[in-house]
Each structure stands twice: as structure tokens, then as C-alpha cells.
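Our numbering numbers the first residue of the sequence shown as 114 and each following residue consecutively. All residues carry an ideal CB built from backbone N, CA and C; glycine is no exception. Working notes, structure below.
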Amino acid sequence: MALTRRHAAASLAALPLAALPLALAAPGTAAAATARRRTTVYLAGDSTAATKQPTAAPEAGWGMALPFFLADDRFTVANHAVNGRSSKSFYDEGRLAPILAALRPGDLLLVQFGHNDEKIEDPARGTDPQTTYPQYLRLYLDGARERGAHPVLLTSVERRTFDAAGNAQPTHGAYPDAVRHLARAERVPLLDIQASSIALWQRLGPEATQDYFNWLEPGESPNYPAGLQDNTHFQPHGAIEVARLVARELAARRVLRPHDLRRLNAAIPDSWITW
């Protein structure tokens, strides 16, 4: 995947953490010292957050845009979100293990699942919001805390669904409330992205939200020659705005301090996301 210099740090962050000083700078240099001081923000999640391949463009996950809002002298983003995964399948496939192996005290682990947990007809992915869903999420929380890192729970970003009157509709059933209850019970920060995103879609309305989601006319993208009407995944503009919601809630919940963030109110061109 071709990356700009702006995204190189995010890609390097996906390497095992022990390799980072060698990848970034020689030991003992000022650059190496800076790298050691950076906090790594790990993302565990599904396709709405994941880094996309060029063959999927212009589809973009909000995790691709999160680095734009974090002070790059303090933070590195390691996006481990993967298309199609639930809290269960991500764990069962061993995808949490390398995150836990790399976590250092003070790092952050953002956990957002739910879209694929809802697929209860699929035994590899489906979970019950009252039982197995919080049980799996606790594995992420416990693993992070055992390593001195800070877990953060996120409710699922909302899909683009409107009723006939133009009102944005919730689609995630009992799963967001399960995350809210778990966050209270475990006393971990909650970023309620389901609530903030559905409020954003409501303000924008049915027509304007098409520019945020992966809606394409026939011939608009070589990757989707027949066009597309995708109400779950984002184009760059939508990924950027959802990442902005995440960054704002990180500040509102005091997970991060104001000087840890940047560009919260700035217009960010879609071209800043590349594949």
C-alpha cells in the first residue's frame, strides 16, 4: 500500500512495539527518545475503523483518520481493526494477543465492536448482548489493565438509516446499551459514538449523508464500476468526521488532555486519506 509520510508512523505502529526503535531511529538518538515517550493508541475493531486496501478505495475506516487529530509528537496509532470481525471472532482468531504483547503501561486500547456481533446467525461471530458480548469485551479490558494500559470502550458507529420522514434510525438494537452498562460496571471510559454519530446523521439528513458513506454513481470509481449504495462504510469525508467524534469524546471523557489533540475544528481535505 502506498503511504504518504504523514501515514508512515501509523503503519510502523502496526509492527511489534519492540521493533519500533529500530524502525524509527537508532538507539540513543533524540528521535529514539521521542519514540519511547510516545503513547500508542491501539484500535481493536471492525471494518468501520479498519485501514483499507487500495482495491477498496474510496472506502475508508475512521481509524485511518484518527492520527490527524492527535498530537504526533505524543501519540502513535496502531490500527488493528479488521473487516468483518466481532468481539468474539477477533479474539478467537488470536488478534487480541499481539496487541496485548505490545501494550506498555500508559498506552490506550480503544475497543469498538458490535456490527458483526449482531450477526447471531453466524456462530463464529454472533454474540448475545446480555451475555457473551460483554463477556468477550471484558477480555479486552482485563488484558489491557493487567499490562498497565488504559482500555476505552466505544459504542458502534451508527449506520445510515432514515425513516420516511427523514429521521435517523438506530440499527444496533441492545448492543450499545450493553457497552454502556459494561463501561459503568467496569469503570472504564465510554465513548458513545453510536449516540454522537446518529445525532450527526440527523443534522445532515438523508441526502447529505450520502457523501459521508460509500455511495457511488456508476463509473465514479474503478473499484465499483456499477456504483454502490453502502450505508455502513465510509468515504474519506465520513471517516474523518467519525474520527473527529472519537477525538472530541476522548477529550470530553478526559482520556486525553486538550494539548494532546489538534485540528478538532479544522476542515480536513478528503485527500489526506490515501491508500
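Would you mind sorting residue i into buried or exposed? The rule is 16 or more other CB atoms within 10 Å of its CB.
i	result
Glu231	buried
Asn192	buried
Asp276	exposed
Ile353	buried
Asp159	buried
Asn280	exposed
Ile212	buried
Gly332	exposed
Ile306	buried
Ala278	exposed
Glu229	The amino acid at residue 229 is misidentified as Glu; the sequence shows Asn. With 16 or more Cβ atoms within 10 Å of its Cβ, Asn229 is classed as buried.
Ala389	The first residue shown for the chain is 114 and the last is 388, placing residue 389 beyond what the model contains.
Asn327	buried
Gly351	buried
Thr164	buried
Ile311	buried
Ile233	exposed
Thr244	exposed
Glu330	exposed
Ala169	buried
In the structure shown, what three-state DSSP assignment does residue i receive?
i	result
Ala157	strand
Asp324	helix
Asp241	coil
Gln342	strand
Leu329	strand
Leu374	strand
Ala148	Residue confidence for Ala148 is low, a pLDDT of 49 falling below 50, so the modelled location carries little weight and cannot support an answer.
Ala139	With a pLDDT of 42 at Ala139, under the threshold of 50, the modelled position of this residue cannot be trusted, and the question is left open.
Using only CA atoms, which one of the options lies nearest to residue i?
i	options	result
Ala157	Ala170, Gln248, Phe203 and Thr240	Phe203
Asn336	Arg150, Ala162 and Pro167	Pro167
Thr345	Pro382, Ile386, Gly174 and Ala379	Gly174
Glu398	Arg217, Ala194, Ala215 and Leu216	This structure does not reach residue 398, given that the chain is present from 114 up to 388, and the question cannot be answered.
Phe226	Arg273, Asp185 and Asp241	Asp241
Ser384	Arg151, Phe181 and Ala163	Phe181
Ala214	Pro236, Thr164, Gly256 and Asp235	Gly256
Leu221	Ala170, Phe188, Thr284 and Phe326	Phe188
Ala262	Arg273, Val224, Asp235 and Trp314	Val224
Tyr155	Gly286, Gly176 and Phe326	Gly176
Asp290	Arg375, Ala321 and Leu266	Leu266
Arg198	Leu216, Leu317, Ala162 and Asp186	Ala162
Ala356	Gly286, Glu330 and Leu377	Leu377
Thr152	Leu216, Asp235, Leu313 and Thr387	Leu216
Arg238	Arg251, Glu259, Asn196 and Arg316	Asn196
Lys201	Asp186, Leu250, Ala339 and Val190	Leu250
Assuming residue i contacts residue j under a Cβ cut-off of 8 Å, what Cβ separation, rounded to an integer in Å, is found between them?
i	j	result
Glu299	Leu369	With a Cβ gap of about 20 Å, Glu299 and Leu369 do not count as contacting.
Gln348	Pro171	5 Å
Ala360	Leu179	7 Å
Ala210	Leu374	Actually they are not in contact, since the Cβ atoms of Ala210 and Leu374 sit about 30 Å apart, beyond 8 Å.
Leu303	Arg293	6 Å
Pro264	Leu295	Contact flag wrong, Cβ pair sits at about 11 Å.
Glu271	Trp314	6 Å
Thr268	Thr284	Actually they do not touch by this definition, with Cβ atoms about 12 Å apart.
Ala364	Pro371	6 Å
Using a C-beta cutoff of 8 Å, does residue i count as contacting chain C?
i	result
Ile311	Protein chain content of the structure displayed is limited to a single chain, and chain C is not contained in it.
Is residue i near the ligand PLP, with its Cβ less than 7 Å from a heavy atom?
i	result
Thr152	Because no ligand of any kind appears in the structure shown, any question about the ligand PLP cannot be addressed here.
*Can you give, in chain order, each stretch of the beta strand (DSSP E) that sits fully within the stretch 265 to 314 and has at least 3 residues?*
none
*Tell me the start and end of each unbroken beta strand (DSSP E) in the stretch 152 to 238 that is at least 3 residues and wholly inside, in chain order.*
152 to 158, 188 to 192 and 221 to 225
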